[in-house]
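One structure is given here, and the rest of the page talks about it.
There are 4 protein chains.
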Amino acid sequence: MLLPTLRQAVLEANLELVRRGLVLYTFGNASGISREEGLVAIKPSGVPYETMSAADIVVTDLNGQVMEGTLRPSSDLATHLEIYSHFPDAGGVAHTHSEFATAWAQARRPIPCFGTTHADYFNGPVPVTADLTPAEIASDYEKNTGVAICRLFDRSGKSHIPAALVAGHAPFCWGSTPADAAHNAVILESVARMACYTVSIAPQAMPLARELHDKHFLRKHGSTAYYGQPQNPK
Amino acid sequence: MLLPTLRQAVLEANLELVRRGLVLYTFGNASGISREEGLVAIKPSGVPYETMSAADIVVTDLNGQVMEGTLRPSSDLATHLEIYSHFPDAGGVAHTHSEFATAWAQARRPIPCFGTTHADYFNGPVPVTADLTPAEIASDYEKNTGVAICRLFDRSGKSHIPAALVAGHAPFCWGSTPADAAHNAVILESVARMACYTVSIAPQAMPLARELHDKHFLRKHGSTAYYGQPQNPK
Amino acid sequence: MLLPTLRQAVLEANLELVRRGLVLYTFGNASGISREEGLVAIKPSGVPYETMSAADIVVTDLNGQVMEGTLRPSSDLATHLEIYSHFPDAGGVAHTHSEFATAWAQARRPIPCFGTTHADYFNGPVPVTADLTPAEIASDYEKNTGVAICRLFDRSGKSHIPAALVAGHAPFCWGSTPADAAHNAVILESVARMACYTVSIAPQAMPLARELHDKHFLRKHGSTAYYGQPQNPK
Amino acid sequence: MLLPTLRQAVLEANLELVRRGLVLYTFGNASGISREEGLVAIKPSGVPYETMSAADIVVTDLNGQVMEGTLRPSSDLATHLEIYSHFPDAGGVAHTHSEFATAWAQARRPIPCFGTTHADYFNGPVPVTADLTPAEIASDYEKNTGVAICRLFDRSGKSHIPAALVAGHAPFCWGSTPADAAHNAVILESVARMACYTVSIAPQAMPLARELHDKHFLRKHGSTAYYGQPQNPK
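Written out as structure tokens, the structure is:
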């Protein structure tokens, strides 16, 4: 995706987070990457969504240097860049403080895969990072947050679980496009909510059997997928 | 109910699920059956509700062969067909991932009949299926899901409890029409929500006494019903 | 309040219950009494709120005999009549299946007075009825429900706690007018919700000290009240 | 801020509390102070928000004597005045019965700082007051409520935690302006909600490490802040 399409897509993804009730005031941010151009487009820091336009979206290079735009980029930019660097198939990143996913992050518990809704999107529990060390907090905090996220995944370059919880903070999600990243953030919140209710109803609830987990993930993903319409890749 | 009335009723039932907040994105699906014509009408797979019209509803025969429509039917079609086959009085089926009913399904706990709201609609606890075996998951998964649901009920052909929870998945509901199935799905979610709060307030809460349960079910159902207006069969 | 003012007030009270999210479909009903005329106006049974008009409100005498209207009165009429008979200062009654108050009723736990919001309206815990006996269920069920409610209160004729939970069923509230009864039903639901969260945060939470409880109740009620404006009795 | 700007700002802050779902009926009130003029503007007691205009806002001196307006000021005025007296940097105060913050107040538990959302706004747990004595309740109750709040903080005159929970009652928040106080009330409710979910998921959840807590608070506050845009002090 090239600018200015990317810029518009990033605006849309940010507004989707608002429409779905995932953000309060200016919390949360979505970005997108143009790998061809070596550019990232991201929400400006602390700007109200109501008045945000595509022109407010900040464009940086892959080191976070601002290339276009007069506003400061989101303070979480360095975390986004780290995720893009780790996952070559990520085209968008979304970060929110959506309340149930954040509660799991605060509880420092991975979200178990209790059901097929989870399995449709995340091929395993949604993991939670280790706590950052005081040194990692003191310097390059946002970059180190990204490093802690990426450490949870192997170097395969595939995002079978396009989400992670940052301990004591909140979720980050990614996807093939900014819209896909925002979509995954919405699903994650629903999955987090249902998992919270599940442990409330049955504190010892067991995760889904591996066979069923795979069945559902593969119904929606990969060459044997049969969910949706043929022209619809998802 | 004959086509095209059925087709319109199925569209309406799907939209009712959205209006009542039971579905997220394209999750969930409702269908209806014309037993006279041997046809089932069902939501297409993975199509957004906002733009869906009666023409998008897929019509199949009782073996799931598409008879009308250019879109793929819901991937859960085979489960619907199994329910129609088991319950001769079912005219509609609704499947959602509504969050509280899904939480009970994920917890693998039947929803106890804690109160008269439940008893008004479901003449007993809402049961949860056994886990499918790896073989049942590997082949004919959706049909086997339907078989697991029907195994919970006897062969009386009467639906005194027009709902079941699929373990680790979500609820399926049915009713005399597509609208009635969707209505039952809405009630089930409210009942599931109240049951979750009830066990949170009193983990050892006891189900309703049998006499009161029967009283409420029979206030609304059968020849001695006295709820609603005479011209209103429900 | 005389007909037809009463009829309109009863319609309004029923609609307020809908607006505040206390009722699902046709659940719930509000009524009002004209003690001068010996008449009660109540919602018809099982009629949708969207199309209800003042003309649909059913008028009965104090024995439940229909005096005006062509529809059946709410099946809970006999419970309302019993409440009017017990509390001479009750001018309206509201019954809902609002989800948190119902959860307490299902849990068979009185709602403790945990805070001043509760104390502002209910001068003590909101009590829960004893279970009805099989004989009380078998005959005159709705009247016996009212008797069970009134048994919770003494014969003083004053409604310092204008609400009760029917075990395994749902709340009934009352007030000086139909609007006041509906208002109390809305407050009760909020109080029930906060009490549920309170026991979730602190299972051993203690009720409010008696002094603070009285202080708040008397800030709003009686001759020493100083909340609100002088011309506003509440 | 001078009258009549203050009056308008107080109206706006009160309406923001309504828009964000923090108040039911007439519960809750926001005020603002003009330290230059020695005046406080506050919501009138028990007046519906729907019809409230800037002209209804009551203006008092710092002893609570009404200087402008024909309505009674909020019955919580004396609590507001005590907060203004204690915190020289407070320009606005907001009081609500928002349901999750109130639940923590009712549970008499400080809200632990479980995550960065909390740390962004409150530089420590949100404290809960001691119970008032019967004598403090009997006379000057509202003033003594303010005294109990202020006792939780030292005399530094800085509001690093611009919120407190009154035991068995509800939260009070403050800020540099009426809008800022209302904003903090909205954040507090979200933080209280997430903390409730957190202890539900992990009853033994640990608060955020001090280093991370400071990092987030200082990202948004003080001379080294780098969140938001340079022209935006918050």
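Top to bottom, those sequences are chains A, B, C and D.
Start counting the first sequence at 3; every next residue gets the next number (the numbering used here).
Start counting the second sequence at 3; every next residue gets the next number (the numbering used here).
Start counting the third sequence at 3; every next residue gets the next number (the numbering used here).
Start counting the fourth sequence at 3; every next residue gets the next number (the numbering used here).
Built from N, CA and C at the ideal position, the CB exists for glycine as well.
Everything numeric in this text was worked out from a predicted model, so none of it was measured.
Membership of Asp-156/C in any beta strand (DSSP E) is not indicated, and neither H nor E is assigned to it by DSSP. Per DSSP, reduced to three states, the secondary structure at Pro-180/A is helical.
Using a 10 angstroms sphere on the CB of Arg-212/D, the tally of other CB atoms stays under 16, which defines it as exposed. Contact annotation for Lys-217/C against chain D: Ile-139, Tyr-143 [CB-CB distance below 7 Å, chain order]. Ser-36/D: member of the beta strand (DSSP E) spanning 31-36, first to last residue. The DSSP-derived three-state label of Gly-94/D is strand. Linking Asp-122/B to Glu-101/D through their CA atoms gives a straight-line distance of about 30 Å. The criterion of a C-beta distance shorter than 8 Å is not satisfied by Leu-83/C and Val-61/C. In this chain, Glu-52/C is not harboured by any beta strand (DSSP E), its DSSP state being neither H nor E. In the DSSP assignment, Cys-198/A forms no beta bridge with any residue. Here Asp-63/A carries a strand assignment [DSSP, helix/strand/coil]. Residues of chain B whose Cβ lies closer than 7 Å to the Cβ of Thr-62/C do not exist, since the nearest Cβ in that chain is about 15 Å away.
The Cβ of Tyr-123/B sits no closer than 8 Å to any Cβ of chain C.
Comparing alpha carbon positions, the residue from Ala-32/A, Ser-192/A, Arg-37/A, Leu-134/A closest to Gln-10/A is Ala-32/A. At a C-beta separation below 7 Å, Asp-182/C has no neighbours in chain B, since its nearest C-beta there lies roughly 25 Å away. For Ala-43/C, the enclosing beta strand (DSSP E) covers residues 41-44.
Listed by position along chain B, the residues whose Cβ is nearer than 8 Å to that of Ser-192/C form an empty set, because the closest Cβ is around 14 Å away. When the Cα atoms are used, Thr-147/D and Leu-134/D turn out to be separated by approximately 7 Å.
The residue from Lys-217/C, Pro-6/C, Thr-200/C, Leu-8/C with its alpha-carbon nearest to that of Trp-106/D is Thr-200/C.
Against chain C, the beta carbon of Thr-104/D has neighbours under 7 Å at Gly-117, Thr-119, Met-196, listed in chain order. By the rule that beta-carbons nearer than 8 Å mark a contact, Glu-14/B does not touch chain A. Judged by beta-carbon spacing, Thr-119/D lies beyond the 8 Å limit of Leu-214/D, meaning their Cβ atoms are not closer than that value. The region 46-66 of chain B and the region 215-222 of chain B do not touch, with fewer than three beta-carbon pairs separated by less than 8 Å. Leaving aside the five residues that flank Thr-104/B on each side, the residues in its chain whose CB is nearer than 6 Å to its CB run, in chain order, Ala-172.
Separation of Pro-6/D and Gly-23/D (C-alpha to C-alpha, rounded to the nearest whole angstrom) is 27 Å. Contact of Ala-207/A with chain B by beta-carbon distance below 8 Å involves Gln-108, Ala-109, Arg-110.
Your pair Ala-56/B and Leu-13/B checks out as a contact, with CB atoms roughly 5 Å apart and the cut at 8 Å.
Annotated as proximal: Thr-81/D and Phe-174/D, with beta-carbon spacing under 8 Å. Distance from the CA of Ser-192/A to the CA of Arg-195/B, rounded to the nearest whole angstrom, comes to 15 Å.
Chain-ordered listing is empty here: chain C has no CB closer than 7 Å to the CB of Ile-113/B, the nearest sitting near 12 Å. For Ala-105/C, the enclosing alpha helix (DSSP H) has its first and last residue at 101-109. The beta-carbon of Ser-36/C is placed no less than 8 Å from the nearest beta-carbon of chain B. For Ala-165/B, the enclosing beta strand (DSSP E) has its first and last residue at 165-167. Comparing alpha carbon positions, the residue from Thr-179/A, Leu-220/A, Gly-224/A closest to Ala-92/A is Thr-179/A.
Among the residues facing chain A, Ser-33/B is not included, as its CB has no counterpart in that chain under 8 Å away.
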